[in-house]
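Written below as structure tokens is the structure these notes are about.
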Amino acid sequence: MASEEEEERGTEEPLSPVSRLLSSPELCAVIVVTLGLKTRCNISSVVAGIKESLIKLPRFSCKLDMDSKNKKKGEPVWVPVRIQVESHVIVPDLDHVNLENPEDFIEDYCSTIANTSMDMSIPPWEFHVLNLKTSNAESVGIVKFHHSLGDGMSLMSLLLACSRKTSDPNALPTIAATTKKHQKSNDKGWWFIGSGFWYMIRFIFINFVEVFKFVLTLCFLRDTKSDLSSEFMDGIQPKKVIHRIINFDDVKLVKNIMQMKVNDVLLGMTQAGLSRYLSRKYADEDTTTEKKKVLDRIHLRGTVAVNLRPYTKIQDLDNVMTKGAKCTWGNFVGLVIFPLWIRSEDDPLEYVRQAKATMDKKKLSLEAFNFYGVIKLNMKFFGEKVVQAISKRLFDHTTLTYSNMMGPDEEISIFDQPISYLAASALTGSQVLNIHFVSYVNKLTISLAVDATVIPDPHRLCDDLVESLNIIKSTALEKFRIS
Numbered sequence: 389m390a391s392e393e394e395e396e397r398g399t400e401e402p403l404s405p406v407s408r409l410l411s412s413p414e415l416c417a418v419i420v421v422t423l424g425l426k427t428r429c430n431i432s433s434v435v436a437g438i439k440e441s442l443i444k445l446p447r448f449s450c451k452l453d454m455d456s457k458n459k460k461k462g463e464p465v466w467v468p469v470r471i472q473v474e475s476h477v478i479v480p481d482l483d484h485v486n487l488e489n490p491e492d493f494i495e496d497y498c499s500t501i502a503n504t505s506m507d508m509s510i511p512p513w514e515f516h517v518l519n520l521k522t523s524n525a526e527s528v529g530i531v532k533f534h535h536s537l538g539d540g541m542s543l544m545s546l547l548l549a550c551s552r553k554t555s556d557p558n559a560l561p562t563i564a565a566t567t568k569k570h571q572k573s574n575d576k577g578w579w580f581i582g583s584g585f586w587y588m589i590r591f592i593f594i595n596f597v598e599v600f601k602f603v604l605t606l607c608f609l610r611d612t613k614s615d616l617s618s619e620f621m622d623g624i625q626p627k628k629v630i631h632r633i634i635n636f637d638d639v640k641l642v643k644n645i646m647q648m649k650v651n652d653v654l655l656g657m658t659q660a661g662l663s664r665y666l667s668r669k670y671a672d673e674d675t676t677t678e679k680k681k682v683l684d685r686i687h688l689r690g691t692v693a694v695n696l697r698p699y700t701k702i703q704d705l706d707n708v709m710t711k712g713a714k715c716t717w718g719n720f721v722g723l724v725i726f727p728l729w730i731r732s733e734d735d736p737l738e739y740v741r742q743a744k745a746t747m748d749k750k751k752l753s754l755e756a757f758n759f760y761g762v763i764k765l766n767m768k769f770f771g772e773k774v775v776q777a778i779s780k781r782l783f784d785h786t787t788l789t790y791s792n793m794m795g796p797d798e799e800i801s802i803f804d805q806p807i808s809y810l811a812a813s814a815l816t817g818s819q820v821l822n823i824h825f826v827s828y829v830n831k832l833t834i835s836l837a838v839d840a841t842v843i844p845d846p847h848r849l850c851d852d853l854v855e856s857l858n859i860i861k862s863t864a865l866e867k868f869r870i871s
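Note that the working numbering has the sequence shown beginning at 389, numbered continuously upward.
This is the structure:
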């Protein structure tokens, strides 16, 4: 009898350097996306929708072959296979009588599938349907992807390509065009020469410093031991996955008042929330001054995912998959090491200002491209083992991973199922904390994936993040006298 997914030898596509790294068993890199749905999920519609859209994308009808005899230069390849969609759509049998807290059940379910190894003998993706009502949705869809399939930008593009506007079921979601600021033409030529000179000096200096810090991190520089640190352990520990939905308008309000970007506000909120969380851990200190001194001695860093494509706006999948398109499918992402401002600040807005100042330096540097280049060159000349060692060293010596993804700004439906909210977690590396933000219309979802042996109270940490945003918003309104 033929197997459900027979191999269909055709054009075998080699993995990109980052995808090869993410396919390493040592990283266990997966992405878990939670879709809160406004109606009870129709399983038949989901299966039919996947057949009409998802598997038409070649990557989702291929398996990852690490040991193919046909692969070139000994590299793993994507091998096309015949796929049976029904085997990828999983509908657990739920005993509704015994589910006293649906939210806790969803968290446990997400955590379980996130920590379960994927079957790499078939295309590495799953769609779980839970017809279980929660406080924010009538049912829940949980999609698990192996990270080697693509990065957040690719997967968000895929989501949009599979979706339709709820206001117009025949129309794809619209994406705002990217606009660029241009310097006024009447600026003086000498100003250009002078500013260009100092820009070049600053550019060279910042890149030299960042490369030096990167090398030090790989060699011996580790984050301060704290309540967000774990003892060195071989292997990756299981993660507890939770999420919280808040009002995205609060973030945009702070952004507009302080004339910054959404990412600056979210990074500031993250720094303030972590400072608040750690401050509570040192509540036994004799005085406020002593507590501040303890926080001042804590030096933590996070790895921030940076999209390396020339356009930062999410592209339609048709454009992404077009040969020669400026925004391409796959894992085209770099990392920057972001020093976190862990302090007990009297002015909450300082967390946002520090986040912007640090991020402005990172944008001026080529750190994200340097990381991608290091992975690519070492993969080519020294092989996967060396690249895995570099990545493991980087994750072991830093504390958390951070990312922010802008989702649709209008309500959409997927496979005829209207969406209430989106949440996403990318689990990579050995860090004890992964923080991911995803926006959807006027909602923002905070997703945490934590090592529960180090952070046993992830909901408390999430409360601190939310409370920090509220304090930052209140302070901004008060200082700028906006009612």
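All residues carry an ideal CB built from backbone N, CA and C; glycine is no exception.
In the DSSP assignment, Pro806 falls within the unbroken beta strand (DSSP E) covering 805-815. The DSSP assignment places complete beta strand (DSSP E) segments of no fewer than 3 residues inside the region 738-806 at 788-793, 800-802, in order along the chain. By the criterion of at least three beta-carbon pairs nearer than 8 Å, the region 678-697 is not in contact with the region 631-638. Here the alpha carbons of Lys627 and Asn758 stand approximately 29 Å from one another.
Leaving aside the five residues that flank Leu696 on each side, the residues in its chain whose CB is nearer than 7 Å to its CB run, in chain order, Phe720, Val721, Gly722, Ala756, Phe757, Tyr760.
In the three-state scheme derived from DSSP, where H, G and I count as helix and E and B as strand, Pro468 is classed as strand.
Phe533 sits in a strand when the DSSP states are folded into three classes. In this structure, Gly690 places its C-beta atom within 8 Å of the C-beta atom of Tyr790. A check of alpha carbon separations from Ile494 across Ser505, Gln659, Ser523 identifies Ser523 as the nearest. Of the candidates Tyr587, Ala743, Asn822, Ala743 places its Cα closest to the Cα of Asn651. In chain order, Val465, Trp466 place their CB closer than 7 Å to the CB of Glu401, counting only its own chain and leaving out the 5 sequence neighbours on each side. Ser827 carries a strand assignment under DSSP once its states are collapsed to helix, strand and coil. Contact between Gln625 and Asp804 is absent: CB atoms are separated by about 39 Å, not below the 8 Å threshold. When only Cα atoms are considered, Lys768 and Trp717 end up about 21 Å apart.
For Asn503, no beta strand (DSSP E) encloses it; the enclosing alpha helix (DSSP H) starts and ends at 490-503. For Thr422, the beta-bridge partners assigned by DSSP are Ile530, Ala811.
Each of Ile802, Val774, Lys649, Gly424 was checked against the Cα of Ser545, and the nearest Cα belongs to Ile802. In the DSSP assignment, Thr691 is bridged to Ile725, Thr789. Secondary-structure assignment with DSSP links Phe515 through a beta bridge to Val477, Val531. Closest in C-alpha terms to Lys831, from the list Asp845, Val528, Val639, Asn635, comes Asn635.
In the three-state reduction of the DSSP assignment, Leu836 falls in the strand class.
If you draw a straight line from the Cα of Met454 to the Cα of Pro796, it is about 36 Å long. Under DSSP, the beta-bridge partners assigned to His631 are Ser835. No Cβ-Cβ contact shorter than 8 Å links Ile778 with Val406. The beta-bridge partner set that DSSP reports for Asn595 is empty. Between Ser555 and Arg428, the alpha-carbon positions lie close to 19 Å from each other. A check of alpha carbon separations from Leu849 across Asp615, Asp611, Val420 identifies Asp615 as the nearest. The Cβ neighbour count for Arg470, taken over all protein chains shown within 10 Å, is under 16; the residue is labelled exposed.
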